[in-house]
Amino acid sequence: MLLNLPQLLPDATAQTVPAPITAGAVLRFTASGLVLLIAALLIVQSCWLLWATTLLDLSARAAAEEAALPRASRASVESRVRQTLANTRLAQSVKKIEITVNGQSDDLHRLDHAARHDRVAIQLEAPAGTAVPDLLPFLGLSLKNSSLRVRRVTTIP
82 MLLNLPQLLP DATAQTVPAP ITAGAVLRFT ASGLVLLIAA LLIVQSCWLL WATTLLDLSA
142 RAAAEEAALP RASRASVESR VRQTLANTRL AQSVKKIEIT VNGQSDDLHR LDHAARHDRV
202 AIQLEAPAGT AVPDLLPFLG LSLKNSSLRV RRVTTIP
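Residues in the sequence shown are numbered consecutively from 82, following this note's numbering.
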């Protein structure tokens, strides 16, 4: 008894004609490529922002550790920030290094006279546009007028 089964493989002798490429297919391919490019740029810029913020935070942490030392001064804390950020884009980007002792600004060199259990805070600020390449200004997501800020607080032992 012979069963009549459908043929599962294409006939080797049959020629297949490719479907014509339409303008709609080209438009869909271009649009999806553009969306993927923008998504990739968003991911890259977000990663750079995360990297810059983390680096600023590590620098603020090192500066706070320096501020907790008995010999600490404003100059030594600022030097520690610059040293930590050396050889990075952020080295020249940090525009503001704010040191506060017990909530008061260090303008009067309070850090030189800090005592045990005083709280020292270090705040760093850098313009985001100079710290990270601005990849998406054409979408209105420019970093030109924004800044990265980190703050670390430590207590003098």
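Cβ atoms here follow ideal geometry from the backbone N, Cα and C, with glycine treated the same way.
In chain order, which continuous runs of the beta strand (DSSP E) of length 3 or greater are located wholly inside the region 102–170? Runs of the beta strand (DSSP E) inside the region 102–170: none found.
For aspartate 199, which residues in the same chain have their Cβ closer than 8 Å to its Cβ, ignoring the five residues on either side in sequence? These residues qualify, in order along the chain: Val182, Asn183, Thr236 and Ile237.
Note down the Cα distance separating alanine 133 from threonine 103, rounded to an integer number of angstroms. Rounded to whole angstroms, alanine 133 to threonine 103 spans 45 Å at the Cα level.
Among all the DSSP beta bridges, which residues are the ones paired with alanine 172? For alanine 172, DSSP records no beta bridge to any residue.
Whole-angstrom distance between valine 201 and alanine 149, CA atom to CA atom: The straight-line gap from Cα to Cα measures roughly 7 Å.
Would you give the residue range spanned by the beta strand (DSSP E) that threonine 236 belongs to? Start and end: 228–236.
How should threonine 97 be labelled, buried or exposed, when 16 other C-beta atoms within 10 angstroms of its C-beta is the threshold for buried? Counting the other Cβ atoms within 10 Å of the Cβ of threonine 97 gives fewer than 16, which makes it exposed.
Please name the residue in Val213, Arg233, Arg232 and Val234 whose C-alpha comes closest to that of asparagine 226. Measuring from the Cα of asparagine 226, the nearest candidate turns out to be Val213.
Does the Cβ-Cβ distance between alanine 207 and serine 160 come in under 8 Å? No, the Cβ-Cβ distance between alanine 207 and serine 160 is not below 8 Å.
Grab me the residues of alanine 209's own chain with a C-beta within less than 6 Å of its C-beta, minus the 5 sequence neighbours each way, in chain order. Taken in chain order, the residues that qualify are Leu224, Ser227, Ser228 and Leu229.
Residues of its chain near alanine 141, where Cβ-Cβ distance is below 6 Å and the 5 sequence neighbours each way are ignored: Closer than 6 Å at Cβ, skipping near neighbours: Ile203, Leu205, Val231 and Arg233.
Quick one: residues in its chain with C-beta nearer than 6 Å to the C-beta of leucine 216, no 5 flanking neighbours on either side, listed in chain order? Cβ within range, chain order: Leu122 and Gln126.
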